[in-house]
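Participant: Protein chains in written order, with this note's numbering: chain C, 25 to 382; chain A, 25 to 382.
Just so it is clear, CB atoms sit at the ideal spot from N, CA and C, and this is done for glycine as well.
I'd like to ask some things about the structure below.
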């Protein structure tokens, strides 16, 4: 997931009077700065954008348009997941899927990937081989070549085993112009599959919680789902994959950027029983847990049924469902209609408790 | 510097019978695997290329052609330099220059950069601000926008402060088609500036050697030098910036890929006195020390003088010199005519002793 998911949060940024940390701690990088929630947005707004912005190309995005080539988009992601392998995937496949999916959420099919390796001295070569082979396999399965790379080695203790970066260039499907600011009142909100699998799979493996037998990461490429939506072109208003910060963050970003209210039906959101159990144990809301294999589509009501059928026609969309709709204001609000009929506001997490899940 | 400088080494790869390490150590990542010399080539050939290659686009390159867009090239680099700041630059400016230069060595002007951050928990935000501002400034000075980014945070001890990745997309100047395989017998070998500054500046700062007052990194963008060579188009046969592995590695790569012999005149290679002194102290050959602000151009003899004038017309090429020429075989050999008139063969370092200089 890249920075733009955070630039899109609708939260007041700095100074953060609510921050419970003492001042000198606020002046250091915190784990929550990388979690995709409000702290990430703060870091972006107060540190990163002022430093590297101002080049005349507007805000950072999941996948940015390439200057002079309007049909091309580019996206970058670094991967620091721990452990390197987990049920359903590893850092190699995750790195490929993550970048392919960021391109896809701009309506683009992947043209080329780059792969950069930072390895810690002492990492077994067999392990490096395994995850890179997994990256290669994921790229071939997604139909995208790895065209160039880079390898750096740091001394023991200077990195935790292995970090990868993938950057991708994609070409937009001409009929699709999705944007986080493109949703309109009355849109159907579609979700392509169950939530919470990736974050709980990684966490359970790392912490030895015992859910590993029942939960596997959903990491997979989503560009074919996006291509399946191409026939509904201008009716596909917004697309996003709810990675860091989970479904809650994604819905808030789109509600904010599109200046509308999103209403979600809790009963319609598919949460696998093992994910629900793991979240119960950990005190986590499945809505804020990262996913790596589903997407949210905001589609005009008239095309929603057909779009759902198109998603379900692919294996990765077989469990696609409609989870809610959009409505006129209050702009930026996400409401959940709970199982007992109450409504609660779904917020962006400040800095959730799942470090290094991607 | 990216992987291709290593794929181009003309050395027998695995198994490496000369390797002094016991077998079980050879099966782990070593610092030398990241040094740009023979060990890097081994890692690429035995681990990385078999894993991610086979996508039908040929060998990894410093900057690869983008499929379907022959005029566009893409290049990626991760930066792990320690310390983060050094005389003449910091990890931010280095990350921008490194990728701009990799694009330039394929004859391309930069169109867009991505910037990905991996930060260690506890890094002072002021320090992050400083190096990112430096990256932003370097990008503006190079005339290239940073169009997208990514931010990850890892816990204390899981990374050494800060790593950056930059990936760039560039557009080739139509008249230039340089290639490491493009040099021809009789070419002049031009060098745009003195060698050894970057590696010795970083090393001296890190180790407190006391040369910091006299040596500053040469980190700078080189694309304008390349543009200055455009009028000599087809006569500009090969371009490369001698980063990791230094001038020795670069010359060996081109000699190997172009199947010819390179003859260098030691007296003509500019080594600043402070660099020579630092190398003496450290027992290093300046020819293997990394540079970040000079390039080597292999130019047809008939255009060599004019190309040298064009390089010297820019501040970053003011000290450009002709350091030698190419000749028919033995293919892949680099010979140095020493100050006393002897000849010695210049080899690719196995895994040089300058970790984390970029």
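Note down, in chain order, every chain C residue with its Cβ under 9 Å from the Cβ of residue 211 (chain A).
Facilitator: Translated into the one-based positions of the second chain, residue 211 (chain A) becomes position 187. Within 9 Å Cβ-Cβ: nothing; residue 211 (chain A) doesn't reach chain C, min ~26 Å.
Participant: CA-CA distance, residue 379 (chain A) and residue 115 (chain C)?
Facilitator: For the purposes of this step, residue 379 (chain A) is taken as residue 355 along the second chain, with counting starting at 1. For the purposes of this step, residue 115 (chain C) is taken as residue 91 along the first chain, with counting starting at 1. One C-alpha to the other measures close to 25 Å.
Participant: Have a look at the DSSP bridge pairing and note the partners of residue 101 (chain A).
Facilitator: Position 77 of the second chain, counting from 1, holds the residue named residue 101 (chain A). Answer by DSSP bridge pairing, in chain order: A:190.
Participant: How about residue 98 (chain A) and residue 191 (chain A): do their beta carbons lie closer than 8 Å?
Facilitator: Residue mapping note: residue 98 (chain A) aligns to position 74 of the second chain, counting from 1. Residue mapping note: residue 191 (chain A) aligns to position 167 of the second chain, counting from 1. Yes.
Participant: Would you kindly report the start and end of the unbroken alpha helix (DSSP H) that includes residue 224 (chain C)?
Facilitator: By 1-based counting over the first chain, the position of residue 224 (chain C) is 200. Where residue 224 (chain C) is concerned, the enclosing alpha helix (DSSP H) stretches over 221 to 231.
Participant: Quick check on residue 227 (chain A): buried or exposed, where buried means 16 or more other Cβ atoms within 10 Å of its Cβ?
Facilitator: As a position in the second chain, residue 227 (chain A) is number 203, starting the count at 1. By the 10 Å Cβ count, residue 227 (chain A) comes out buried.
Participant: Got a sec? Which residues, its chain only, sit under 8 Å from residue 126 (chain C) by beta carbon, not counting five neighbours each side?
Facilitator: As a working note, residue 126 (chain C) is residue 102 in the first chain. Hits under 8 Å: 25, 26, 86, 87, 99, 101, 192, 265.
Participant: Given a threshold of 16 other Cβ atoms within 10 Å of its Cβ, counted over all protein chains shown, does residue 160 (chain C) qualify as buried or as exposed?
Facilitator: Working through the first chain from its first residue, we reach residue 160 (chain C) at position 136. Classification for residue 160 (chain C): buried.
Participant: Enumerate in chain order the residues of its own chain whose CB-to-CB distance from residue 185 (chain A) is below 7 Å, with the five nearest sequence positions on each side excluded.
Facilitator: As a first step, residue 185 (chain A) must be located in the second chain, where it is residue number 161. Cβ neighbours of residue 185 (chain A) beyond the five flanking positions: 108, 144, 147.
Participant: Looking at the secondary structure, which residues open and close the beta strand (DSSP E) in which residue 139 (chain C) lies?
Facilitator: Translated into the one-based positions of the first chain, residue 139 (chain C) becomes position 115. 132 to 144 is the extent of the beta strand (DSSP E) around residue 139 (chain C).
Participant: Please confirm whether residue 323 (chain A) and residue 261 (chain A) have their CB atoms less than 8 Å apart.
Facilitator: As a working note, residue 323 (chain A) is residue 299 in the second chain. As a working note, residue 261 (chain A) is residue 237 in the second chain. Cβ distance < 8 Å, so residue 323 (chain A) and residue 261 (chain A) count as in contact.
Participant: Per the DSSP calculation, residue 301 (chain A) is bridged to which residue(s)?
Facilitator: Here residue 301 (chain A) refers to the residue found at position 277 of the second chain. Bridge partners of residue 301 (chain A): none, in fact.
Participant: What residues from chain A crowd round residue 193 (chain C), counting only those whose CB sits closer than 7 Å?
Facilitator: In the first chain, residue 193 (chain C) corresponds to position 169, counting from 1. Within chain A, the residues near residue 193 (chain C) are 90, 98, 193.
Participant: Which stretch, first to last residue, makes up the alpha helix (DSSP H) that contains residue 160 (chain C)?
Facilitator: Position 136 of the first chain, counting from 1, holds the residue named residue 160 (chain C). It spans 149 to 166 - the alpha helix (DSSP H) in which residue 160 (chain C) sits, taken as one unbroken run.
Participant: Is residue 366 (chain A) helix, strand or coil by DSSP?
Facilitator: The residue you call residue 366 (chain A) lines up with position 342 of the second chain. Correct three-state label for residue 366 (chain A): coil.
Participant: Mapping the DSSP letters down to three states, classify residue 372 (chain A) as helix, strand or coil.
Facilitator: Counting from one through the second chain, the residue named residue 372 (chain A) turns up at place 348. Reduced to three states, the DSSP call for residue 372 (chain A) is coil.
Participant: Let me see if you follow: with CB-CB separation under 8 Å, is residue 247 (chain C) close to chain A or not?
Facilitator: Position 223 of the first chain holds residue 247 (chain C). For residue 247 (chain C), the answer is no, since every Cβ of chain A falls outside 8 Å of its Cβ.
Participant: Tell me which residue opens and which closes the alpha helix (DSSP H) that residue 64 (chain A) is part of.
Facilitator: Translated into the one-based positions of the second chain, residue 64 (chain A) becomes position 40. 62 to 67 is the span of the alpha helix (DSSP H), which, as asked, contains residue 64 (chain A).
Participant: Using 8 Å as the limit for Cβ to Cβ distance, is residue 145 (chain A) near chain C?
Facilitator: As a working note, residue 145 (chain A) is residue 121 in the second chain. Answer yes: the Cβ-Cβ gap between residue 145 (chain A) and chain C drops below 8 Å somewhere.
Participant: Roughly how many angstroms lie between the CA atoms of residue 130 (chain C) and residue 201 (chain C), to the nearest whole one?
Facilitator: Stepping through the first chain from its first residue, residue 130 (chain C) is reached at position 106. Stepping through the first chain from its first residue, residue 201 (chain C) is reached at position 177. Their backbone Cα atoms lie some 7 Å apart in a straight line.
Participant: Using a Cβ cut-off of 8 Å (strictly closer), state whether residue 80 (chain C) contacts chain A.
Facilitator: Position 56 of the first chain, counted from the start, is the residue given in the question as residue 80 (chain C). Confidence in residue 80 (chain C) is poor, its pLDDT being 40 and thus under 50, which makes the residue's placement unreliable; the coordinate value appears in the next sentence. Closer than 8 Å: yes.
Participant: Of the residues C:331, C:96, C:225, C:306, which one's Cα is nearest the Cα of residue 215 (chain C)?
Facilitator: Taking the first chain and counting its residues from 1, the one referred to as residue 215 (chain C) is at position 191. Of the listed residues, the one whose Cα sits closest to residue 215 (chain C) is C:331.
Participant: Determine, using beta carbons only, whether residue 72 (chain C) comes closer than 8 Å to chain A.
Facilitator: Taking the first residue of the first chain as 1, we reach residue 72 (chain C) at position 48. Taking Cβ atoms only, chain A reaches closer than 8 Å to residue 72 (chain C), which makes this a yes.
Participant: Does residue 339 (chain A) get closer than 8 Å to chain C when you measure Cβ to Cβ?
Facilitator: Along the second chain, read from residue 1 onward, the residue named residue 339 (chain A) stands at position 315. Taking Cβ atoms only, chain C never reaches closer than 8 Å to residue 339 (chain A), which makes this a no.
Participant: Does the beta carbon of residue 54 (chain C) sit closer than 8 Å to a beta carbon anywhere in chain A?
Facilitator: In the first chain, the residue the question calls residue 54 (chain C) occupies position 30. Residue 54 (chain C) counts as touching chain A.
Participant: Please name the residue in C:132, C:91, C:355, C:105 whose C-alpha comes closest to that of residue 257 (chain C).
Facilitator: Within the first chain, the letter at position 233 stands for residue 257 (chain C). The candidate whose alpha carbon is nearest that of residue 257 (chain C) is C:132.
Participant: List the residues that DSSP assigns as beta-bridge partners of residue 277 (chain A).
Facilitator: As a first step, residue 277 (chain A) must be located in the second chain, where it is residue number 253. Per DSSP, none; premise fails for residue 277 (chain A).
Participant: Check each candidate in A:328, A:364, A:277 and name the one with the smallest Cα separation from residue 289 (chain A).
Facilitator: Start at 1 with the first residue of the second chain, and residue 289 (chain A) comes out as number 265. Minimum Cα distance to residue 289 (chain A) is reached at A:364.
Participant: Please compile the residues from chain C whose C-beta is within a distance smaller than 9 Å of the C-beta of residue 51 (chain A).
Facilitator: Position 27 of the second chain, counted from the first residue, corresponds to residue 51 (chain A). Within chain C, the residues near residue 51 (chain A) are 148, 149, 150.
Participant: Which chain C residues sit within Cβ distance under 9 Å of residue 178 (chain A)?
Facilitator: For this step, residue 178 (chain A) is matched to residue 154 along the second chain. The contact set of residue 178 (chain A) on chain C, defined by CB atoms closer than 9 Å, consists of 55, 58, 104, 106, 183, 184, 187, 379, 380 in chain order.
Participant: If you draw a straight line from the alpha carbon of residue 176 (chain A) to that of residue 183 (chain C), how long is it in whole angstroms?
Facilitator: Along the second chain, one-based indexing puts residue 176 (chain A) at 152. Along the first chain, one-based indexing puts residue 183 (chain C) at 159. Roughly 13 Å separates the two Cα atoms.
Participant: Enumerate in chain order the residues of its own chain whose CB-to-CB distance from residue 189 (chain C) is below 6 Å, with the five nearest sequence positions on each side excluded.
Facilitator: Taking the first residue of the first chain as 1, we reach residue 189 (chain C) at position 165. Apart from the 5 residues on each side of it in sequence, residue 189 (chain C) sits with its Cβ closer than 6 Å to the Cβ of 102, 140 in its chain, given in chain order.
Participant: Thinking just about the alpha-carbon of each residue, which of C:275, C:280, C:134 is nearest to the one in residue 293 (chain C)?
Facilitator: In the first chain, counting from the first residue as 1, residue 293 (chain C) sits at position 269. Selected option, being the one with the closest Cα: C:275.
Participant: Which partner residues of residue 182 (chain A) appear in the DSSP bridge assignment?
Facilitator: Indexing the second chain from 1 puts residue 182 (chain A) at position 158. According to DSSP, which records beta bridges pairwise, residue 182 (chain A) is partnered with nothing at all.
Participant: For a test of the three-state rule: what should DSSP assign to residue 344 (chain A), helix, strand or coil?
Facilitator: What you label residue 344 (chain A) is simply residue 320 of the second chain in a count that begins at 1. Three-state result, residue 344 (chain A): coil.
Participant: For residue 263 (chain C), which three-state DSSP category applies?
Facilitator: By one-based count along the first chain, residue 263 (chain C) stands at place 239. Strand.
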